[in-house]
Amino acid sequence: MCIVTGAGSGMGRACAAEMARQGGRVVVTDINEAAIEETLAGIAAEGGEGAPFVCNLRKPDEIGALIAFAAGRFGGIDVLHNNAAVHETDLTNQTSIEELPDDIWDAVYEINLRAIWLAIKYATPHLKESKRGPAIVNVASTGSFVSYPQAGAYCATKGGVLMLTKAAAVDLAKYGIRCNCYCPGAIDTPMVQKYYEAAPDKAAIMSVLTGAHLIPRLGRPEEVAKLACFLASDDSSFTTGAAYVIDGGTLAWRGVNA
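FYI, in this note's numbering the residues of the sequence shown are -11 to 246.
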């Protein structure tokens, strides 16, 4: 039984669909109820099984309710996939460190990092009871390693996700719970498309998005989902505390393609 946060679109939707495709029963959670239903419809169309849960990850009590619902709905929890995230550019046009509003910093932190810790905290008693190899999979970023302009809150929280992943792997190893993260580059998601569509010079923005990729294109959510499912499965049974980069080669060099 799997939980996928932020599963209403993008990488979360692809991960939920792939987990269901591989036989998992999935609790699909997001803040957008209509988006949840779209994800579930896709799962059902392929014969998979899922259940909806609307959750605001800024509210700890709702995270607790999500975990309790998931454990009750499918009789336990085997996989917790913390996918949901937000970028300050989604919330404000004041994104530079010196002008970022306090409340925007708080929102990015609460969704990107605090919610992951709370979900892990609340899910651990159930993961301990799993009859298969229980696993936690977190979404970090290339921004866990290097910074981008106008993304101080995002990069700070994504760096935190990487280290929280390692800390959880250490603390939960005694229960047989593995915890890993993956670090995407620019992936073709609604978040990226919104950024692209708002740009006056679309060719220039696409060059920015893909210029550091050695594979000269955006990544696809389905490619990320394959990696997430590997980390969630017993195929990665000797892997914990790891950060897998899926970035088209971005961090392999210091260049930008012209």
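Note that CB positions come from ideal geometry on N, CA and C, so glycine has one too.
Check whether Thr153 and Asn100 have beta carbons under 8 Å apart: As a position in the sequence shown, residue 153 is number 165, starting the count at 1. As a position in the sequence shown, residue 100 is number 112, starting the count at 1. For Thr153 and Asn100, no; Cβs fall outside 8 Å.
With distances taken between CB atoms, is the gap from Cys169 to Ala128 smaller than 8 Å? Indexing the sequence shown from 1 puts residue 169 at position 181. Indexing the sequence shown from 1 puts residue 128 at position 140. Result yes, Cβ atoms of Cys169 and Ala128 sit closer than 8 Å.
Report the three-state DSSP secondary structure of Pro113 (helix, strand or coil). As a first step, residue 113 is located in the sequence shown; it is residue number 125 there, counting from the start. If DSSP states are grouped into helix, strand and coil, Pro113 belongs with the helices.
Any contact between the region 170 to 182 and the region 193 to 203? By contact I mean 3 or more CB pairs, one from each, below 8 Å. yes
If you draw a straight line from the C-alpha of Val16 to the C-alpha of Ser(-3), how long is it? Within the sequence shown, numbered from 1, the residue matching residue 16 stands at position 28. Within the sequence shown, numbered from 1, the residue matching residue -3 stands at position 9. In a straight line, the C-alpha of Val16 is about 10 Å away from that of Ser(-3).
I need the DSSP call for Asn168, collapsed to helix, strand or coil. The residue you call residue 168 lines up with position 180 of the sequence shown. Residue state, collapsed to three classes: strand.
Take Glu25 and list the residues in its own chain whose beta-carbon comes closer than 8 Å to its own, dropping the five residues that flank it on each side. Here residue 25 is taken as the residue at index 37 of the sequence shown, counted from 1. The residues are Pro40.
Euclidean distance between Cα positions of Asp18 and Ala5: Translated into positions along the sequence shown, residue 18 becomes position 30. Translated into positions along the sequence shown, residue 5 becomes position 17. In a straight line, the C-alpha of Asp18 is about 14 Å away from that of Ala5.
Alpha carbon of Val134 to alpha carbon of Gly35, nearest angstrom: Numbered from 1 along the sequence shown, position 146 holds the residue referred to as residue 134. Numbered from 1 along the sequence shown, position 47 holds the residue referred to as residue 35. Looking at the two C-alpha atoms, the distance is approximately 41 Å.
In the DSSP assignment, what residue or residues form a beta bridge with Gly(-4)? In the sequence shown, the residue the question calls residue -4 occupies position 8. Paired residues: none, contrary to the question.
With a threshold of 8 Å on Cβ separation, who are the neighbours of Asp78 within its own chain once the five nearest residues in sequence on each side are excluded? Here residue 78 is taken as the residue at index 90 of the sequence shown, counted from 1. Cβ neighbours of Asp78 within its own chain (closer than 8 Å, five residues either side excluded): Met179 and Lys182.
Are His250 and Gly243 closer than 8 Å when you measure CB to CB? Outside the modelled stretch of the chain, which goes from -11 to 246, sits residue 250, for which no answer is possible.
Would you mind working out which of Met(-11), Thr(-7), Gly(-6) and Gly0 sits nearest Lys214, comparing C-alpha positions? In the sequence shown, residue 214 corresponds to position 226, counting from 1. Checking every option, the nearest Cα to that of Lys214 belongs to Gly0.
One question on the structure: do Val67 and Val125 come within less than 8 Å of each other, judged by their Cβ atoms? As a position in the sequence shown, residue 67 is number 79, starting the count at 1. As a position in the sequence shown, residue 125 is number 137, starting the count at 1. Contact flag set, yes.
When Asp49, Ile203, Leu45 and Gly60 are compared against Cys(-10), the one with the closest alpha-carbon: Locating residue -10 in the sequence shown gives position 2, counting from the first residue. Closest option to Cys(-10), Cα to Cα, is Gly60.
I'd like to confirm the pairing. Which residues does DSSP put opposite Thr177 in its beta bridges? Taking the sequence shown and counting its residues from 1, the one referred to as residue 177 is at position 189. Within the DSSP secondary-structure output, Thr177 pairs in no beta bridge.
Does Val14 pass the burial test, meaning 16 or more other C-beta atoms within 10 Å, or should it be called exposed? Numbered from 1 along the sequence shown, position 26 holds the residue referred to as residue 14. Under this definition Val14 is a buried residue.
On the CB-based measure, 16 or more other CB atoms within 10 Å of its CB, does Tyr136 come out buried or exposed? Residue 136 sits at position 148 when you count from the first residue of the sequence shown. An exposed status is given to Tyr136, since fewer than 16 other beta-carbon atoms sit within 10 Å of its beta-carbon.
Suppose you measure from the CA of Ile51 to the CA of Thr83; what does that come to, to the nearest Å? Within the sequence shown, the letter at position 63 stands for residue 51. Within the sequence shown, the letter at position 95 stands for residue 83. Straight through space, the alpha carbons of Thr83 and Ile51 are spaced by roughly 27 Å.
Quick check on Ala55: buried or exposed, where buried means 16 or more other Cβ atoms within 10 Å of its Cβ? Numbered from its first residue, the sequence shown carries residue 55 at position 67. Checking the sequence, you will find Ile at residue 55 rather than Ala. Around the CB of Ile55, 16 or more other CB atoms lie within 10 Å, so the residue is classed as buried.
Rounded straight-line distance, which links the Cα of Asn81 to that of Thr112: Residue 112 sits at position 124 when you count from the first residue of the sequence shown. Residue 81 sits at position 93 when you count from the first residue of the sequence shown. About 38 Å.
According to DSSP, Asn265 sits in a beta bridge with which residue or residues? Past the edges of the chain, shown from -11 to 246, lies residue 265, and the structure says nothing about it.
Helix, strand or coil at Gly207 according to DSSP, with G and I counted as helix: Residue 207 sits at position 219 when you count from the first residue of the sequence shown. Strand.
What's the gap between the Cα of Gly121 and the Cα of Ile165? Looking up residue 121 in the sequence shown gives position 133. Looking up residue 165 in the sequence shown gives position 177. Their backbone Cα atoms lie some 7 Å apart in a straight line.
CB-CB under 7 Å to Tyr110, same chain, minus the five flanking residues each way: which ones, in chain order? For this step, residue 110 is matched to residue 122 along the sequence shown. The residues are Ile51, Gly52 and Ile55.
Indicate the three-state DSSP secondary structure (helix, strand or coil) for Arg1 in the structure shown. By one-based count along the sequence shown, residue 1 stands at place 13. Three-state DSSP puts Arg1 in a helix.
Here's a check: name, in chain order, each residue in its chain whose Cβ is nearer than 7 Å to the Cβ of Glu117, leaving out the five neighbours to either side. For the purposes of this step, residue 117 is taken as the residue at position 129 of the sequence shown. If the five residues before and after Glu117 are omitted, its C-beta is found closer than 7 Å to the C-beta atoms of Gly64, all from its own chain and listed in chain order.
Cβ distance (whole Å) where Gly140 is taken to contact Ile85 below 8 Å: Counting from 1 along the sequence shown, the entry for residue 140 is found at position 152. Counting from 1 along the sequence shown, the entry for residue 85 is found at position 97. About 4 Å separates the two Cβ atoms, so the contact holds.
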